[in-house]
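One structure below.
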Amino acid sequence: MEGEYTDEMAKSKSKIDAVSKPAKPRRTAAGTARKTRWPSDYSPDEVAEIFRRFAVQRPEPKGELEHVNAYTLLVAVVLSAQATDAGVNKATRGLFAVADTPQKMLALGEAGVADHIRTIGLWRNKAKNVIALSRALIDNFGGEVPADRDALTSLPGVGRKTANVVLNMAFGQPTMAVDTHILRLGNRLKLAPGKTPDEVEAKLVRIIPEKYMRHAHHWLILHGRYVCKARKPDCWNCVIADICNAPDKASDVPAPLVPIDGDGPVAPQAP
Ligand code: SF4
Numbered sequence: 058m059e060g061e062y063t064d065e066m067a068k069s070k071s072k073i074d075a076v077s078k079p080a081k082p083r084r085t086a087a088g089t090a091r092k093t094r095w096p097s098d099y100s101p102d103e104v105a106e107i108f109r110r111f112a113v114q115r116p117e118p119k120g121e122l123e124h125v126n127a128y129t130l131l132v133a134v135v136l137s138a139q140a141t142d143a144g145v146n147k148a149t150r151g152l153f154a155v156a157d158t159p160q161k162m163l164a165l166g167e168a169g170v171a172d173h174i175r176t177i178g179l180w181r182n183k184a185k186n187v188i189a190l191s192r193a194l195i196d197n198f199g200g201e202v203p204a205d206r207d208a209l210t211s212l213p214g215v216g217r218k219t220a221n222v223v224l225n226m227a228f229g230q231p232t233m234a235v236d237t238h239i240l241r242l243g244n245r246l247k248l249a250p251g252k253t254p255d256e257v258e259a260k261l262v263r264i265i266p267e268k269y270m271r272h273a274h275h276w277l278i279l280h281g282r283y284v285c286k287a288r289k290p291d292c293w294n295c296v297i298a299d300i301c302n303a304p305d306k307a308s309d310v311p312a313p314l315v316p317i318d319g320d321g322p323v324a325p326q327a328p
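Going by the working numbering, the first residue of the sequence shown is number 58, and it counts up by one from there.
Written as structure tokens, this is what we have:
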């Protein structure tokens, strides 16, 4: 995933597990519990409406990393740090054809893995991690990918963001893997403002209605990639332009809310 925050960066920024735990209500001097502040510029109804529209627009977002099981998804996400999904898919097609389990990956060996992924950035280190994490899966988890964040982040090369992607895509857990698009949207729209991916993650997990959490991270990534782009947001093609609170938005008129096939771009509207 090109241009993203790496797990290493995320790991160094804060103590991870503390982040998504809801803050305890503060107590006033009188000892009564006070509710923590709603962490978004949007009301709960507005947040729900934003995600309702994303859900109509992209009923089944899939993510673009190719994989055949939870293990190959985990390997693909580890390989995707500072690389494009397309570049990773090109390399993993051959790799997963010969090694789609930790046992087969170990049998292939580090040099064999390296041969397949040489076109991806940081391939030497990534080949090492793929072998080390495969060995750890066999030694500690019976060769299965664990559906648990602490267990996943104990694996070599796996940080919170990678764990969140795997928990969400392979196990259907309501996690939020914050990449560069989601970090930008959280702040530009004032949806979940925060200086770090962990801060934005904690706020998004708090404000997004549970029924939308399964796909929320894909919707935000795709909205950021195709519409609310980094340099120049394409507000004319935005289905939430009327709700959006970005100070520099270029339109108040929402684009027609029509379903899109797959994970591709929206059909452009004339300004
Ligand atoms: S209106 Fe513009 S700034 Fe707001 S979400 Fe849409 S594309 Fe982004």
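In this text, a Cβ means the ideal position worked out from N, Cα and C, and glycines have one as well.
These figures come from a predicted structure and were not determined experimentally.
Beta-carbon proximity of residue i to residue j, cut-off 9 Å
i, j, result
"Thr232", "Val222", "yes"
"Gly199", "Arg241", "no"
"Lys286", "Ala298", "no"
"Ile265", "Trp95", "no"
"Val134", "Leu152", "no"
"Ser100", "Leu248", "no"
"Met270", "Val262", "yes"
"Ala312", "Trp293", "yes"
"Ala227", "Ala140", "no"
Backbone CA spacing between residue i and residue j [nearest angstrom]
i, j, result
"Ala80", "Thr237", "At Ala80 the pLDDT is 43, less than 50, meaning the model places this residue with poor confidence; the figure from the coordinates comes in the next sentence. When rounded, the distance between both Cα atoms is 25 Å."
"Val331", "Arg288", "Outside the shown range of the chain, which is 58 to 328, sits residue 331, and nothing can be said about it."
"Gly321", "Gly229", "22 Å"
"Pro250", "Gly178", "31 Å"
"Lys260", "Ala164", "43 Å"
"Gly166", "Val215", "19 Å"
"Arg175", "Ser137", "13 Å"
"Asn244", "Leu212", "31 Å"
"Arg150", "Trp180", "16 Å"
"Lys252", "Ala220", "21 Å"
"Val145", "Ala324", "27 Å"
"Lys147", "His275", "21 Å"
"Asp309", "Ala156", "50 Å"
"Gly169", "Ala189", "14 Å"
"Asp205", "Asp142", "24 Å"
"Asp291", "Ile239", "16 Å"
"Val235", "Glu123", "20 Å"
"Leu246", "Asn197", "42 Å"
"Val296", "Arg110", "7 Å"
"Gly120", "His173", "22 Å"
"Ala193", "Asp207", "14 Å"
"Ile333", "Met162", "Here the chain has residues from 58 to 328 only, and residue 333 is not among them."
"Gln160", "Leu224", "22 Å"
"Ala171", "Ile195", "20 Å"
beta-carbon residue i near the ligand SF4 non-hydrogen atom, thresh 8 Å
i, result
"Ala164", "no"
"Ser191", "no"
"Pro325", "no"
"Pro250", "no"
"Arg110", "no"
"Ser211", "no"
"Leu240", "no"
"Asp305", "yes"
"Ile297", "yes"
"Arg115", "no"
"Pro313", "no"
"Ser308", "yes"
Range covered by the alpha helix (DSSP H) that runs through residue i
i, result
"Arg329", "Since the first residue shown for the chain is 58 and the last is 328, residue 329 is missing from the structure and cannot be characterised."
"Arg150", "142–155"
"Ile177", "Element bounds for Ile177: n/a, residue is neither H nor E."
"Glu267", "267–283"
"Gly243", "237–245"
"Glu258", "254–264"
"Met226", "217–228"
"Arg94", "Per DSSP, Arg94 belongs to no alpha helix (DSSP H) and is neither H nor E."
"Ala127", "127–136"
"Ala208", "206–210"
- Message: Is it the case that the segment 179–199 contacts the segment 100–115, given that we only count it when at least three CB pairs across the two stretches are under 8 Å?
- Response: no
- Query: Can at least three beta-carbon pairs, one atom from the segment 306–319 and one from the segment 109–119, be found at a separation below 8 Å?
  - Reply: yes
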